[in-house]
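In terms of numbering that gives the first Met the number 0, the sequence shown is residues 0 to 284. For reference, the structure is listed below as structure tokens.
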Amino acid sequence: MAPAAAAQPTLPGSRPAEERPLIVAAHGWLLAGRLWDRLAARLAPGWELWAPDLPGFGGRERPRGLQPSLASYGAWLAREARERACNGRPVVLMGHSLGGSLALHAAPQLGSQLAGLIQIAVGGGVYQPRPFAQVRRGGAVFLQLRPRWLLRLPGSDALRSPLLADRHAAQGLLACSMRRSAVQQLPALTAGLRVPSLWIAGSRDQVMEPRYVRHLAGYAPQHDLRVLDGAGHLPMLRQPEAVAAVIRPWLEGIEPLCAPGEPADSGPAGPTTVIRLDRYARPGP
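Rendered as structure tokens:
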């Protein structure tokens, strides 16, 4: 009789689909689900990433009854995630910038179905009246004056997305995200996480500086913080291979099925890891 074959390690790509978390990604302000295409291609086939257009952005219209608030959009994201990840399939929420705030609002509504949270260029929790007022005014002016004729010119989807965004949705979400109550709610939502979280910052991000990412991540009971050296505000678009290289081992290390009602083992927060981008090839189209 031939000796029994040694047990092989279970790889992410060999797990049954229902046992692997579905990554549900929420894009940032004025962007669209296409933002995640390059990262999705580099995570496949081991991991499935689903990135819907948020209502009022990209190619999705905003339903009449959906209010442009973080809470309403977070509830929408949770409903869509549950519907997409049918039969209780585990979900990992991933957010970029404003989409990270929506992910924090959606997280508690997924209950034990939520397996983890990934935040890219997401931070804050500190209310700054003057800078926020300037951003609100600048955003309102852009939405009012944006030249729609630019849509007729050839260009990338990244350039077209801000021109397609629903004005009411875009202006409402921006204003809501910068209210004192909304900003001060972020640390509480982060502290209430019951799953592991991964926070990724770009060392050259001028929109969400690493110190603000570090501040908000510090409220999470169990988190890893990685800083991509030389990256800006859109690393999943500009450096998708580097982002995928950070996400893959983290996904493999989290428990795909969380026990209902069981909080994540918090433990001490790990040190910040700085990752050099010159380790990775330049991204393709």
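We put the CB at the ideal spot given by N, CA and C, even for glycine. Quick caveat: nothing in here was measured; it's all calculated off a predicted structure.
Asked, Found
"What residue does the alpha helix (DSSP H) around S180 start on, and which one ends it?", "179 to 190"
"Using the rule of at least 16 other Cβ atoms within 10 Å of the residue's Cβ for burial, across every protein chain shown, is R37 buried or exposed?", "buried"
"By Cβ distance, which residues of its chain are closer than 8 Å to P259, with the 5 residues on each side in sequence left out?", "Confidence at P259 is low in this model, with a pLDDT of 39, below 50, so its placement is unreliable and the value that follows should be read with caution. Excluding positions up to five away in sequence, the list reads G110, S111."
"For P195, count neighbouring Cβ atoms within 10 angstroms of its own Cβ and tell me buried if that reaches 16, exposed if not.", "buried"
"Under 8 Å by Cβ, that's how I've got A50 and A39 pegged, so tell me the actual separation to the nearest angstrom.", "7 Å"
"If I'm right that L48 touches I22 with Cβ under 8 Å, what's the distance once you round it to whole angstroms?", "4 Å"
"Enumerate, from N- to C-terminal direction, the unbroken alpha helix (DSSP H) stretches of 4 or more residues contained entirely within the stretch 68 to 107.", "69 to 83"
"Can you name the start and end residues of the beta strand (DSSP E) that W198 belongs to?", "196 to 201"
"From T272 to G64, what distance separates their C-alpha atoms?", "43 Å"
"Just the Cα atoms here: how many angstroms apart are A74 and V91?", "16 Å"
"Taking all protein chains shown into account, decide if L101 is buried (16 or more other Cβ within 10 angstroms of its Cβ) or exposed.", "buried"
"Is it right to say G87 is buried, meaning 16 or more other beta carbons lie within 10 angstroms of its own, or is it exposed?", "exposed"
"Can you have a look at L176 and say buried or exposed, based on whether 16 or more other CB atoms are within 10 angstroms of its CB?", "Residue 176 is actually Ser in this sequence, not Leu. Counting Cβ neighbours within 10 Å, S176 comes out buried, since at least 16 surround it."
"Taking the alpha carbon of Q143 as the reference point, which residue from G123, P128, P130, A168 has its own alpha carbon closest?", "A168"
"Does DSSP put D228 in a helix, a strand or coil?", "strand"
"List the residues that DSSP assigns as beta-bridge partners of I274.", "L227"
"Suppose you measure from the CA of Q133 to the CA of C85; what does that come to, to the nearest Å?", "42 Å"
"Identify the continuous beta strand (DSSP E) that holds L113 and give its terminal residues.", "113 to 119"
"Give the secondary structure of R19 by DSSP, where H, G and I count as helix, E and B as strand, and everything else as coil.", "coil"
"Need the endpoints of the alpha helix (DSSP H) that Y211 sits in, please.", "209 to 216"
"To the nearest angstrom, report how far apart L34 and E240 are at their CA atoms.", "14 Å"
"Measuring only the C-alpha atoms, how far is L69 from S180?", "11 Å"
"In the structure shown, what three-state DSSP assignment does H167 receive?", "helix"
"For my contact list, I246 and L197 are in at a C-beta cut-off of 8 Å; report their separation, rounded to the angstrom.", "7 Å"
"Assign R19 to buried or exposed, taking buried as 16 or more other Cβ atoms, counted over all protein chains shown, within 10 Å of its Cβ.", "buried"
"Among residues of its own chain, excluding the 5 on either side of Q170, which ones have a beta-carbon nearer than 8 Å to its beta-carbon?", "P67, G138, A139, L142"
"From Y72 to G122, what distance separates their C-alpha atoms?", "18 Å"
"Decide if G58 is buried, meaning its Cβ has at least 16 other Cβ atoms within 10 Å, or exposed.", "exposed"
"So who's on the other strand from H222, going by DSSP bridges?", "S196"
"May I ask you to report which of helix, strand or coil DSSP gives L34?", "helix"
"According to DSSP, what are the bridge partners of L48?", "I22"
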